[in-house]
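This report refers to the structure that appears directly beneath it.
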Amino acid sequence: MKPAVRNRPQSVLFACTRNVVRSPMAEALGRHIFGKEIYFASAGVKRGQTDGFTIAAMEELGIDLTKHRPHTFEDLEDASFDVIVCGDSGHSAEANVAAWLEEHHAALRSRLQALRGRVEVGVQILRDAEDSAAGEAGEAESPPVRPRGHAYFARHQLRREQRERLEREAEAVFCRHGEMLAALVDDVQVNRPRPVRGKMMVLNLSLLTDQAGVLRVGGYLEQVSQETDAEVRFTGPWPPYSFAGTFPRLKEIAEPARKAAEIGTIG
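First residue of the sequence shown? That's 4 in the working numbering, and the numbers climb one at a time after it.
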């Protein structure tokens, strides 16, 4: 097992102008070097066109970029990164900001007005993956003694079944608590689950709400923590950084949960 590296980021975003050359190359190199130890992504201020030179250059290093499609920050599944690396050799930072504001001023002004008086809070629900897997293994019948090759595939099959079961449980928890939380706030951003040692993060949300909504969410999460063995994390409030752009919404599927919340049930 590799020793843990102190202060190593868990997620890195590479940003450039059009997400065509520099940022996708950096993302691919990061994944090639670190594998799954660090989550890498890339984005551009504008969406460019796929560049054959970039694909050919990376192919010489044994890295396949043929499936990369340039995209912008609005296309990112998660806007929370430990480190953001950016650069633009063609223009100064001031020129880039001025050009961006000229193009997006009206939309930005409208968005800021919508965020006035609102704060952001984070909600994560985790469960103990090791205990769950051990419990399932204890309940199952002892497998027969098999030759080494068969035993390897049997263990692989068992791990896959455990992972699939945990994923189904995570989906159920998300449908239940995600919709209920969406009914209590103004907007919801669905974030990518983060790796946590010995845990499985089944819910990772950023919520946009007012100060009264913070109390509503806190009350609901208190009930969740008392009625389940899951670990509940509630962070914030802080300025609504995650909602300055366009993100996935959960409000459209929350109407049934909203009605339940109005009568004070958890669902």
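Heads up, the beta-carbon is just placed ideally off N, CA and C, and yes, glycines get one too.
Check: Beta-bridge pairing of G47 - partner residues as DSSP gives them; Outcome: C19 and T75
Check: Euclidean distance between Cα positions of I66 and P73; Outcome: 17 Å
Check: Buried versus exposed, by CB contacts within 10 Å (16 or more), A215; Outcome: exposed
Check: beta-carbon A117 near the ligand MN non-hydrogen atom, thresh 6 Å; Outcome: For the structure depicted, the ligand MN is absent and the ligand set is empty, with no information on it obtainable.
Check: Classification of F37 by the beta-carbon crowding that lies within 10 angstroms, buried from 16 upward; Outcome: exposed
Check: Chain-order list of residues whose beta-carbon lies under 6 Å from that of F17 (same chain, five-residue window excluded); Outcome: S26, A29, E30, S45 and V88
Check: S209 versus V193 - alpha carbon distance; Outcome: 7 Å
Check: Strand pairing of D190, partner residues [DSSP]; Outcome: L211
Check: Endpoints, alpha helix (DSSP H) assigned at T57; Outcome: G55 to E62
Check: Local Cβ density within 10 Å of P243, reported as buried at 16 or more and exposed below that; Outcome: buried
Check: DSSP-derived helix/strand/coil call for S83; Outcome: coil
Check: Expected contact under 8 Å - CB spacing of F237 and L218 to nearest Å; Outcome: So it is not a contact: roughly 11 Å between Cβ atoms.
Check: Buried/exposed call for L104, threshold 16 Cβ in 10 Å; Outcome: exposed
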